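Trainee: Supplied in structure tokens, the structure appears directly below.
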Amino acid sequence: MDTRAWFAGSPVARLATVAPDGTPHLVPVVFAVDGDVIYTGVDAKPKKTRRLRRLANIEHNPAVSLLVDHYAPDWSQLWWVRVDGTATVATEGDAVRTGYRLLRAKYPQYQSVPLDGPVIVVSATRWSGWHA
Numbered sequence: 000m001d002t003r004a005w006f007a008g009s010p011v012a013r014l015a016t017v018a019p020d021g022t023p024h025l026v027p028v029v030f031a032v033d034g035d036v037i038y039t040g041v042d043a044k045p046k047k048t049r050r051l052r053r054l055a056n057i058e059h060n061p062a063v064s065l066l067v068d069h070y071a072p073d074w075s076q077l078w079w080v081r082v083d084g085t086a087t088v089a090t091e092g093d094a095v096r097t098g099y100r101l102l103r104a105k106y107p108q109y110q111s112v113p114l115d116g117p118v119i120v121v122s123a124t125r126w127s128g129w130h131a
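Under my numbering, the first residue of the sequence shown carries the number 0, and numbering increases by one thereafter.
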């Protein structure tokens, strides 16, 4: 099982953060991988605010998890991969430029959807997974 390749090739992940009151917060995100670093950005898709709960949660507690999975009616094809890590929110510099470059390369939608907000940078500390 090549968990990293399955993870990197997935189109969407679920990002789990922890709110200051200890409650979990889970959102779907697009992402790109470079070794043990995962990037996800805040883009211009409609949102109530650019001050997203996930960003505030990371500033309070940088421990996060990302999960990708594959479901099929043939349960012998089921799998999931989870990355646990430490996140930071970058608003400028190399991390933002690298994140934008990798996200634009993976998602052609970023040719028309502006990618100009903060980038969440996750340094993986643990990769785990399962497959049928």
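For each residue, glycine too, the CB sits at the ideal point set by N, CA and C.
None of these values were measured; they are calculated from a predicted model.
Put arginine 13 into one of helix, strand or coil per three-state DSSP.
Mentor: strand
Trainee: Mark serine 64 as exposed unless 16 or more other C-beta atoms lie within 10 angstroms of its C-beta, in which case mark it buried.
Mentor: buried
Trainee: Note down, in chain order, each residue of its chain lying with its Cβ closer than 7 Å to the Cβ of alanine 7, except the 5 sequence neighbours on either side.
Mentor: Val32
Trainee: Mind listing, in chain order, the continuous beta strand (DSSP E) runs of no fewer than 3 residues lying wholly within the segment 83-128?
Mentor: none
Trainee: Is the Cβ-Cβ distance between aspartate 35 and serine 111 less than 8 Å?
Mentor: Judged by beta-carbon spacing, serine 111 lies beyond the 8 Å limit of aspartate 35, meaning their Cβ atoms are not closer than that value.
Trainee: Counting contacts by CB-CB distance shorter than 8 Å, is tryptophan 74 in contact with chain C?
Mentor: Chain labels in this structure do not include chain C; a single protein chain is all it has.
Trainee: Let me know if proline 117 comes out buried or exposed under the rule of 16 or more other beta-carbons within 10 Å of its beta-carbon.
Mentor: Note on proline 117: 16 or more other CB atoms within 10 angstroms of its CB, so buried under the neighbour-count rule.
Trainee: Measuring only the C-alpha atoms, how far is valine 22 from arginine 53?
Mentor: Valine is not the amino acid found at residue 22; the sequence shown has threonine there. Going by the C-alpha atoms only, they are around 12 Å apart.
Trainee: Could you compute how far the alpha carbon of aspartate 68 sits from the alpha carbon of alanine 18?
Mentor: 24 Å
Trainee: Which one of Trp5, Arg96, Ala15 and Tyr70 has the shortest CA to CA distance from proline 61?
Mentor: Ala15
Trainee: Using only CA atoms, which one of Arg3, Trp5, Tyr109 and Phe30 lies nearest to arginine 13?
Mentor: Phe30
Trainee: Consult DSSP for arginine 50 and reduce its assignment to one of helix, strand or coil.
Mentor: Look at arginine 50 here: in three-state DSSP terms it is coil, with no helix or strand label.
Trainee: Could you tell me which residues DSSP pairs with proline 27 in its beta bridges?
Mentor: Arg13
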